[in-house]
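Participant: Pasting a structure below so you can have a look.
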Amino acid sequence: MPLLSWPALGVEHTFDPHHKFVSSPVFSPYILAAIRCLLALYGLCTICTVLAFDVKFGFGDSYLSYFTNLSYIGLTAYYWASGVQTFAYARYGRYPLRRWPRVLQGLHVLLQSTVTTFPFIVTVVFWVLLSSSTTLDTKLHAWQNISVHAMNSAFALFDILLTNTPPAPWLVLPLHIIMLGGYLGVAYITHETQGFYTYSFLDPSKGPILAAYIIGIAVGDIVVFLLARGAVALRQRLAIRAGRLPDGSGDAKEGARETEAFDEWQEIDRPKPEADMRQQQVIDSAVAVGGGSGGGAYAV
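Under our numbering, the first residue of the sequence shown carries the number 21, and numbering increases by one thereafter.
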């Protein structure tokens, strides 16, 4: 399998044949869809509330400059997307993403992999490096920081431990590093346009310490990715032993119905062999009779 290919990104010719992205070893599809949608709704309410207060206090322009907010938006977007797809699977036994273009399937796989990695980085970096005496000093600050710097990891753990999502493909790991590198550009553009560093440790005046932080976060992403992938692989193995993975029979039945309908259409459209032979015999007889008459007239 080529290193840079759709299968390397987890997008096979038949995407998710066993419906792992929309099922759980613990919950029914309807309950899983409801939980995902509730988490998505909570995330959306958190985003809107935090953004509203940022605008009120004059910080709205820099909302999208923080990796915390960007990753939380991605987390919320994933739960909306997965919740809707899971509801479709619960209702119809299949879900739309499996029939969508491969690029959308690949983006869904990539987004899901960030959901199981980036929240832990955000949580560790914030509580180890950035938290202060003002982190929990008011009810608003406490709720905001717990929501985006603690509950985000709880959301990630839910998808890792309580769904059937498969282990992330290895190709997404370098893509994660590229995304983290891209955020550095966002941070320094913010400094040039708004005059501050979104995170104090990104200040170049810190010298070698800055490089240590950047390399440390990249290494942290790799470690978290490996741990999350290992946890998913272990959960999947246990689910297989317990017989808790769906077999994709609903989709197989759908495919069988489509194949049967196509075969019936071909059968109706294709002439019967016996009818073909009789029709050819009649044509040959008519040609022979016509040819004999024509030959006599020519001789006279």
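Yeah, the Cβ is synthetic: ideal placement off N, Cα and C, and Gly gets one too. Computed from a predicted model, the values in this text were never measured in an experiment.
#1: My understanding is that residue 167 touches residue 140, with C-beta atoms under 8 angstroms, so please give their C-beta distance in whole angstroms.
#2: Closest by CA to residue 52, which one among 101, 169 and 34?
#3: Could you say which of 115, 200, 189 and 125 lies nearest to residue 142 if we only look at CA atoms?
#4: How close, in whole Å, do the beta carbons of residue 180 and residue 251 come, if the pair is a contact with beta carbons under 8 angstroms?
#5: Based on Cα-Cα distance, which residue from 260, 160, 71 and 64 lies nearest to residue 95?
#6: Rounded to whole angstroms, what is the Cα-Cα separation between residue 106 and residue 254?
#7: Report buried or exposed for residue 248, applying the criterion of at least 16 other Cβ atoms within 10 angstroms of its Cβ.
#8: Specify the secondary structure class of residue 81 as computed by DSSP and reduced to three states.
#9: Pick helix, strand or coil for residue 215, following the three-state DSSP scheme.
#10: Using 8 angstroms as the Cβ pair cut-off and three pairs as the minimum, do the segment 82 to 93 and the segment 35 to 50 touch?
#11: Extract the residue ranges of the alpha helix (DSSP H) inside the segment 41 to 105, only unbroken runs of 4 or more that lie entirely within it.
#12: Are residue 124 and residue 117 closer than 8 angstroms when you measure CB to CB?
#13: Taking 8 angstroms as the threshold, find out whether the segment 150 to 169 comes into contact with the segment 57 to 71 through three or more Cβ pairs.
#14: For a quick check, are the C-beta atoms of residue 59 and residue 184 less than 8 angstroms apart?
#15: Report buried or exposed for residue 260, applying the criterion of at least 16 other Cβ atoms within 10 angstroms of its Cβ.
#16: Tell me which same chain residues have a C-beta within less than 6 angstroms of the C-beta of residue 192, skipping the five on either side of it?
#17: Compare the Cα-Cα distances from residue 245 to each of 256, 188, 222 and 228 and report the closest residue.
#18: Which first and last residues belong to the alpha helix (DSSP H) in which residue 159 is found?
#19: Just to confirm the assignment, what range does the alpha helix (DSSP H) spanning residue 143 have?
#20: Quick one: Cα of residue 287 to Cα of residue 137, how far?
Facilitator: The answer reads as follows:
#1: That belief does not hold up - the Cβ atoms of residue 167 and residue 140 are roughly 16 angstroms apart, past 8 angstroms.
#2: 101
#3: 200
#4: 5 angstroms
#5: 64
#6: Going from the Cα of residue 106 to the Cα of residue 254 covers about 23 angstroms.
#7: Its Cβ being crowded by 16 or more others within 10 Å, residue 248 is buried.
#8: Residue 81: helix per DSSP, three-state reduction.
#9: coil
#10: no
#11: Runs of the alpha helix (DSSP H) spanning 4 or more residues and lying entirely within the segment 41 to 105 occur at 49 to 76, in chain order.
#12: Yes, the pair counts as a contact, with Cβ atoms nearer than the cut-off.
#13: yes
#14: Taking 8 angstroms as the Cβ cut-off, residue 59 and residue 184 do not qualify as a contacting pair.
#15: exposed
#16: 130 and 133
#17: 188
#18: 159 to 169
#19: 138 to 145
#20: A caution first: residue 287 carries a pLDDT of 47, below 50, which makes its placement in the model too unreliable to give a value.
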